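To start, the structure under review is shown below, and the notes come after it.
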Amino acid sequence: MIEREQGLPLPGSFQNSLPAMDGVARRAGSVLTGHVAQALTPFLLSATRGGSIPLNHVCSVFKEIPVFEFRSFSADGDSPPEARSTLIYCLWIFRGVPEVQALMNHPEFPYPLLEELILYAQGRFLLRDSGREAFLQSSLPFLMPQKSMELILEADWIKQDVLLVMHLMVNFDLRTVDDFLGKFNSAEAAVEYLVSFFDQLRDYDLRYFFTRNPDLFIYITSLFEAFAEDPPIRAFLDKYAAVIENLRSVKHLAELCQKVFPKLRGTMDSQQLRAIRCASLIQEISKFTEISAAIDILDQLHVFADCSEKAIVTVFLTNPDYNRALATSPEYELATVARRAGVTTDAVEFF
């Protein structure tokens, strides 16, 4: 049995309505159904009776809840307000459990509940002085592309918050962005929406966007180029021309690494392979003007073998005292390594 999280208050107006909670708990079994009632009742009863909450048991129940049991929590559902607040609280506690994440990403899981959860989570971060950016960067990535799109299109509060929309859009894959843009009357209308959307973001936020999802940003800017004669679109492309070109160059580097490095396996021992990978990455990344951004993008594109490799490369490239000879030695140029690995010269001409 696990004690309730210390200092974590129950949500809603529980502290002001404790006498009514026993009645709510008894009604939960009749208004709610099955696993949901089993999961919420211990929380509802503890508000008046005190003691510990069997979180392990509640979590195990949550893992088994069929998604249809959440219908009463949809926008037009008949769930008691206290039970709804308690469910939001439980979803917050168990937000890191893979089975609960899968449940919240299910197509039939009511989006109003997710919207309330995001509002509740944001409030908790702000009360702890963690900052809104910390909340956005840590609390939304578990949402799958389709669920993120549903929230952007359907959740009234979310769709009015450009920063929230951006962090949800970061979760998109290329198929989802096509589905999203297909909701507009024409390609021109979709592009106009995106340009207007990007114009509302700070440079910092836009850079976070393309760092977190470089494939999506490249796809969107390529779409913009088809409408480059439109003045607002031309202005955007001109403003971020250097950023877009840099991003494409990093993407090319990632593609080459993914062709070359696998072919080195079996030709040397693991320590030699690690040394050549790190030396080549250090040399190629050092050619970019924005080193940290290049490292972050390559990380998102899964270029680094593991956290240790990324850490080694980062230390060398961000420390002014790193061994500059390593970054200029011709034997570690990726083009040279590629030829040794049997990758054709054409594949490395862009370097």
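Residues in the sequence shown are numbered from 7 upward in steps of one, following the working numbering. Note that the Cβ used here is the ideal one computed from N, Cα and C, for glycine as well. The structure displayed is predicted, hence computed values, not measured ones.
Alpha carbon of residue i to alpha carbon of residue j, nearest angstrom
i      : j      : result
Val67  : Ser78  : 18 Å
Glu75  : Tyr95  : 17 Å
Thr92  : Lys293 : 53 Å
Leu169 : Leu146 : 12 Å
Val309 : Pro87  : 48 Å
His112 : Cys65  : 18 Å
Glu231 : Ile239 : 8 Å
Ala234 : Leu243 : 8 Å
Arg271 : Ser286 : 15 Å
Arg254 : Asp305 : 15 Å
Arg101 : Ser276 : 38 Å
Ala108 : Pro237 : 43 Å
Asp167 : Tyr210 : 17 Å
Val30  : Leu133 : Residue placement at Val30 is flagged as unreliable, the pLDDT there being 40, under the threshold of 50; a coordinate-derived value is accordingly withheld.
Ile71  : Leu61  : 15 Å
Lys269 : Leu222 : 28 Å
Asp179 : Met110 : 18 Å
Glu261 : Leu159 : 33 Å
Lys265 : Leu259 : 10 Å
Ser314 : Ser144 : 22 Å
Ala317 : Cys263 : 17 Å
Thr273 : Arg283 : 13 Å
Lys257 : Phe203 : 24 Å
Ala196 : Val106 : 34 Å
Asp28  : Val201 : Caution is warranted here: a pLDDT of 37 is assigned to Asp28, below 50, making its placement in the model unreliable, and no coordinate value can be reported.
Arg130 : Glu139 : 13 Å
Tyr246 : Asp312 : 31 Å
Glu194 : Asp184 : 14 Å
Leu119 : Thr295 : 44 Å
Ala89  : Pro104 : 23 Å
Gln206 : Ala241 : 14 Å
Ile99  : Asn325 : 40 Å
Lys69  : Gln278 : 45 Å
Arg208 : Leu307 : 24 Å
Phe267 : Val171 : 37 Å
His63  : Val73  : 19 Å
Test item: CB-CB of residue i and residue j under 7 Å
i      : j      : result
Tyr199 : Ala161 : no
Ala300 : Ile291 : yes
Pro323 : Ile297 : The question names Pro, but residue 323 in the sequence shown is Leu. Yes, the Cβ-Cβ distance between Leu323 and Ile297 is below 7 Å.
Glu114 : Ile164 : no
Val321 : Ile288 : no
Phe148 : Gln128 : no
Leu97  : Leu123 : yes
Thr182 : Pro151 : yes
Terminal residues of the alpha helix (DSSP H) in which residue i lies
i      : result
Ala234 : No alpha helix (DSSP H) holds Ala234; DSSP gives it neither H nor E.
Gly129 : 117-133
Asp184 : 180-187
Leu279 : 276-291
Ile164 : 162-165
Ile250 : 247-270
Ala317 : 313-324
Val138 : The sequence shown places Arg at residue 138, rather than the Val named in the question. Note, Arg138: alpha helix (DSSP H), 138-145.
Val106 : 104-110
Asn62  : 61-69
Ser192 : Counting along the chain, Ser192 falls outside any alpha helix (DSSP H), and DSSP gives it neither H nor E.
Val73  : It is not in any alpha helix (DSSP H) - Val73 carries neither H nor E in the DSSP assignment.
Glu88  : 87-99
Thr295 : Run containing Thr295: none; DSSP gives neither H nor E here.
His173 : 168-175
Thr273 : Here Thr273 belongs to no alpha helix (DSSP H), and DSSP marks it neither H nor E.
Leu307 : Unbroken run through Leu307: none, as it is neither H nor E.
Leu212 : 209-218
Near the ligand HEM: residue i beta-carbon under 6 Å from a heavy atom
i      : result
Ser192 : Of ligands this structure carries none, so the ligand HEM is not represented either.
Does the stretch 145-165 touch the stretch 179-189, meaning 3 or more C-beta pairs lie closer than 8 Å? yes
Cβ pair count under 8 Å reaching 3, the stretch 167-187 against the stretch 204-224: yes
Cβ pair count under 8 Å reaching 3, the stretch 218-238 against the stretch 247-256: yes
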